[in-house]
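Counting in numbering that gives the first Met the number 0, the sequence shown runs from 0 upward without gaps. For glycine and all other residues, C-beta sits at the position ideal for the given N, C-alpha and C. All of these numbers come straight from a predicted model, not from anything done at the bench. One structure is given below, encoded as structure tokens.
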Amino acid sequence: MFAKVLVANRGEIALRTVRALHDLGLPSVAVYADDDAASPHVQAASAAVALGATGPAAYLDGERLIAIAQAQSCDAVHPGYGFLSERADFARACDEAGLRFIGPTPAQLALFGDKAQARALAQQQGVPLMPGTQAAVSLEEAQAFFAQHAHAGIVIKAIGGGGGRGMRAVASADDLPAAYARCRSEAQAAFGVDGVYVERLMGNARHIEVQVLGDGHEVMALGERECTLQRRFQKVVEIAPSPSLPGALRERITTAALSMARAVDYQGLGTFEFLVDLASNDLPFVFIECNPRLQVEHTITEEVTGVDLVQAQIALAAGRRLQDIGLDPAAPPTVSGFAIQWRINAETLDAQGNATPGSGTLSRFDLPTGPGVRVDTHGAAGATPSPHYDTLLAKLIVHTRS
């Protein structure tokens, strides 16, 4: 196992990672931006080091993070989600510095970080795809694609990341130039890559994702989650398992996810995401992307399977096999009951219902309790959430075994 791990993130996921490391008996090193010094992950970790900068950019400084890890005698880096968690160049730099990046290999991050390459892999494995481009497109190419599919509309997507950023549905040719420019701008800000590709829009789709775990030799699925309830392509409520998915279709989608993971000897946690049209006989599901990292909604899979995904992720990165941590790919844990997660954001709504980051002090912050209730949060009474970061403040998870 590792000697010490740098937690290269902030907020609730930094706290979640520190807790997993503590439960494994491993010391942790937190990092923090100048405007984040009062965040609870700073106190929760075994040690904490200032990044010497402010705002999200501080957590995107890979060279600084690696230098801190080396100075603190860390031998591994946990990226959490967001920030550098899907950056192949950062994972490669960690390897070159003698640090274990707790996540997929740089090659796997590069593959799945390029949505066009991921689509090509799906095609090779016979996994259904929505008609779309195989690479980043110019505005003129996007307009030509729209002309072919104007009856259905199209979706513009960032080629270098997910989470709903850099993504827009377009139903009118007149809206395409502005949507294209906005997606490129959002993609550049969120992922450092401004390329976008386009797909035909699937109407009335349900969003289903399969949780995969691999050790570089074997892979297994830990059930699926449904994330259909979204706001502007960003997830708001997630449930595991999906209550709407027929058994036969669940098996087909799980098989598709595993075939792609096996094809690359997947290592670590990965979420293979699909759109499902229950009314279609010709194209009931299509692959959309793989997120090669820990997901915000990993919590509900933990609740219904009893598997601590963060601890599993760390153990596999340290060289353990699935069997070493009590998991048998041929006999995955039985899914027990249902779990639902609600994302609670520090936001305000205008008269039109548009959300903007909120600011101010949390005068009260009373957490719900009771059987089957879990809250993952970095909020507390007296805290002042910054509007400069992601607005996620807490995740409320409830689980019933019935």
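query: Count the C-beta pairs between the region 96-108 and the region 34-45 that are closer than 8 Å, then say yes if the count reaches three, no if not.; result: no
query: Determine the DSSP secondary structure at Ala121, reduced to helix, strand or coil.; result: helix
query: Rounded to the nearest angstrom, how far is the Cβ of Phe232 from that of Met166, given a contact under 8 Å?; result: 5 Å
query: If we ignore side chains and look at the alpha-carbon of each, how far apart do Ala46 and Val285 end up?; result: 45 Å
query: Between Ala380 and Glu11, which are expected to be in contact by the criterion C-beta below 8 Å, what is the C-beta distance as a whole number of angstroms?; result: Actually they do not touch by this definition, with Cβ atoms about 16 Å apart.
query: Could you say if the region 336-351 and the region 228-245 meet the contact criterion of at least three C-beta pairs nearer than 8 Å?; result: yes
query: Counting along the chain, where does the alpha helix (DSSP H) carrying Tyr196 start and finish?; result: First-last for Tyr196: 195-199, but that is the beta strand (DSSP E), not the alpha helix (DSSP H).
query: Report the option in Glu140, Val76, Ile343, Leu212 whose CA atom is closest to the CA atom of Arg319.; result: Leu212
query: In angstroms with no decimal places, state the Cα-to-Cα distance between Cys16 and Leu221.; result: Per the sequence presented here, residue 16 reads as Thr, with Cys not at that position. The alpha-carbon atoms of Thr16 and Leu221 are separated by roughly 20 Å.
query: Please report the Cβ distance between Leu257 and Val218, rounded to the nearest whole angstrom; I am assuming they are in contact, meaning their Cβ atoms lie under 8 Å.; result: 6 Å
query: May I ask you to report which of helix, strand or coil DSSP gives Gly222?; result: strand
query: Run through DSSP, which three-state label would Ala395 get?; result: One point to set straight first is that residue 395 is Leu, not Ala, in the sequence displayed. The answer is strand: DSSP assigns Leu395 an E or B state.
query: If you reduce the DSSP assignment to three classes, tell me which class Thr383 lands in.; result: coil
query: Could you pull the start and end residues of the beta strand (DSSP E) that Ser27 belongs to?; result: 27-31
query: Could you work out which residue in Thr333, Thr300, Val275, Ala96 is closest to Asn203 when comparing CA atoms only?; result: Val275
query: Kindly indicate which three-state DSSP category His206 falls into: helix, strand or coil?; result: strand
query: Ile207 to Ala70, Cα distance in whole Å?; result: 42 Å
query: If you count every other CB in all the chains shown that lies within 10 Å of the CB of Arg230, and 16 or more means buried, which is it?; result: exposed
query: Between the region 365-384 and the region 21-36, do at least 3 Cβ pairs fall closer than 8 Å?; result: no
query: Please report how far the alpha carbon of Pro245 lies from the alpha carbon of Pro127, in whole angstroms.; result: 18 Å
query: Is Glu223 near Arg261, with beta carbons less than 9 Å apart?; result: no
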